[in-house]
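A quick write-up on the structure given underneath.
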Amino acid sequence: IGIGINYGSIIAGNLGSDDRLSYSITGDAVNTAKRIESLTNSTPNAILVSQTIYDAISDKISTIPWGEIEIKGKHNTVNVYQVMM
């Protein structure tokens, strides 16, 4: 299991057609969280957070910085941190 957490604007609502309608979220923040989560493939049971989450929780938890990571679809690198349990 791996978890990627990011913060930002999203679009939430029912997507699809009358035949198949489902509630979902989408947007750059969601895509970035998914890309961060995919980094956990080599680190089982990891929780990775973006800089925006780190800034909000850094005084409450211990983390290990992974540094600036290139994320597919992003022009700039993203600072990623691993939450220590």
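First residue of the sequence shown: 1, per my numbering; consecutive thereafter. In this text, a Cβ means the ideal position worked out from N, Cα and C, and glycines have one as well.
Report the CB separation of residue i from residue j in whole angstroms; it is logged as a contact under 8 angstroms.
i, j, result
"I47", "I5", "7 angstroms"
"G129", "A29", "One cannot answer for residue 129 here, as it falls past the ends of the chain, which runs 1 to 85."
"V78", "I64", "Their Cβ separation, rounded to whole angstroms, is 16 angstroms, which puts V78 and I64 out of contact at 8 angstroms."
Near residue i, which residues of its chain fall below 8 angstroms by C-beta distance, leaving aside the five closest residues on each side in sequence?
i, result
"A43", "Residue 43 is actually Thr in this sequence, not Ala. Within the same chain, T43 has close Cβ partners G2 and Q82."
"G27", "G8, S9, I10 and I11"
"N41", "G2"
If we count the other Cβ atoms within 10 Å of its Cβ and call it buried at 16 or more, is residue i buried or exposed?
i, result
"S50", "buried"
"A56", "exposed"
"I61", "exposed"
"R20", "exposed"
Can you find a C-beta in chain B that's less than 9 angstroms from the C-beta of residue i?
i, result
"L21", "Looking at the structure shown, chain B is missing, and only one protein chain is on hand."
What three-state label does DSSP hand residue i in the structure shown?
i, result
"G4", "strand"
Short of 6 angstroms in beta carbon distance, which residues of its chain neighbour residue i, apart from the five on each side in sequence? Order them along the chain.
i, result
"I25", "I10 and A12"
Report task. Ignoring anything shorter than 4 residues or poking outside the region 26-57, list the alpha helix (DSSP H) runs there in chain order. Result -> Qualifying alpha helix (DSSP H) stretches, in chain order: 28-38 and 51-57.
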